[in-house]
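Trainee:
Residue numbers (the working numbering): 7 to 249.
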């Protein structure tokens, strides 16, 4: 069920956030077979960010700026980028790697990633979709899990301690590595990107919860059709020539 909700939410959110020349442009979205993980889906997107950057970042980036995101989704395991995939359009020394695993628990699995990507210092963060703060400009009362109640599923609102007593529940575990090898800006940029990713994850999962009545009756085939429909509409909104 989470898989359907995830696909629906990403498609709808991307369409809502895309303006002329800004937002998420879908370049490829096609089936992919992996010898280890089996059948999955490959996507390539261009995330156009120029107007969404802070002033200090806009000062050192060109007017037209985007990040190329490549993702391999073998649910319940996904990889967004590899060491050379999620890169910006003009800085080859900038990269992001995100590895994801989904488990049916409240986030109490330890050492879920047995990866050589975990090197040196790293930080473990727990995200609470109901009670962690999000940027004020993204707040919508109708998407607040503390107040939302699903007419179809009876889920919500979420109260303090919801992770310990809510059923059904699942957790999205993410291993995020950011590299920006430019002297003088490395720490600032890497910290900024981690903050942006955290906000995206919180907002996206809040929306998935609040939009559950829109997607809970969908099959995987139906949500894939919706994804294709939104992809075409979003690319048209962006003025893209990709099919």
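We put the beta carbon where it would ideally sit given N, CA and C, even for glycine.
For residue 172, tell me which candidate among 179, 178, 164 has the shortest Cα-Cα distance.
Mentor: 164
Trainee: By the DSSP assignment, the alpha helix (DSSP H) with residue 153 in it spans what residues?
Mentor: Per DSSP, residue 153 belongs to no alpha helix (DSSP H) and is neither H nor E.
Trainee: Residue 82 and residue 105 - do their beta-carbons sit closer together than 9 Å?
Mentor: No, they are not a contact pair.
Trainee: Going by beta carbon distance, what residues of the same chain come within less than 8 Å of residue 152, once the five residues before and after it are set aside?
Mentor: 136, 137, 163, 164, 165
Trainee: So for residue 18, helix, strand or coil by DSSP?
Mentor: Correct three-state label for residue 18: helix.
Trainee: Checking 9 Å against the spacing of the C-beta atoms, do residue 215 and residue 154 come in under that value?
Mentor: yes
Trainee: Let me know the alpha helix (DSSP H) ranges lying completely inside the region 128 to 181, each 4 residues or longer, listed in chain order.
Mentor: 168 to 171
Trainee: Comparing C-alpha positions only, which one of 181, 221, 187, 242 sits nearest to residue 203?
Mentor: For the residues 181, 221, 187, 242, the minimum Cα distance to residue 203 belongs to 181.
Trainee: Going by alpha carbons, who is nearest to residue 129 out of 117, 140, 139?
Mentor: 117
Trainee: Count the C-beta pairs between the region 17 to 24 and the region 229 to 238 that are closer than 8 Å, then say yes if the count reaches three, no if not.
Mentor: Using a Cβ-Cβ distance cut-off of 8 Å, the region 17 to 24 and the region 229 to 238 are in contact, since at least three pairs of beta carbons, one from each stretch, lie closer than that value.
Trainee: Among 134, 80, 15, which one has its Cα closest to the Cα of residue 170?
Mentor: Here the closest residue by C-alpha is 134.
Trainee: Whole angstroms is fine: what's the gap from residue 245's alpha carbon to residue 7's?
Mentor: 33 Å
Trainee: Which value, in whole angstroms, describes the spacing of the CA atoms of residue 78 and residue 174?
Mentor: Spanning the two alpha carbons is a distance of roughly 26 Å.
Trainee: Could you tell me whether the Cβ atoms of residue 14 and residue 229 are closer together than 9 Å?
Mentor: yes
Trainee: Excluding the 5 residues flanking residue 218 on each side, which residues of the same chain have their C-beta closer than 8 Å to its C-beta?
Mentor: 11, 156, 158, 159, 161
Trainee: Can you name, in chain order, every residue of its own chain whose Cβ lies under 8 Å from the Cβ of residue 147, other than the five neighbours on each side?
Mentor: 153
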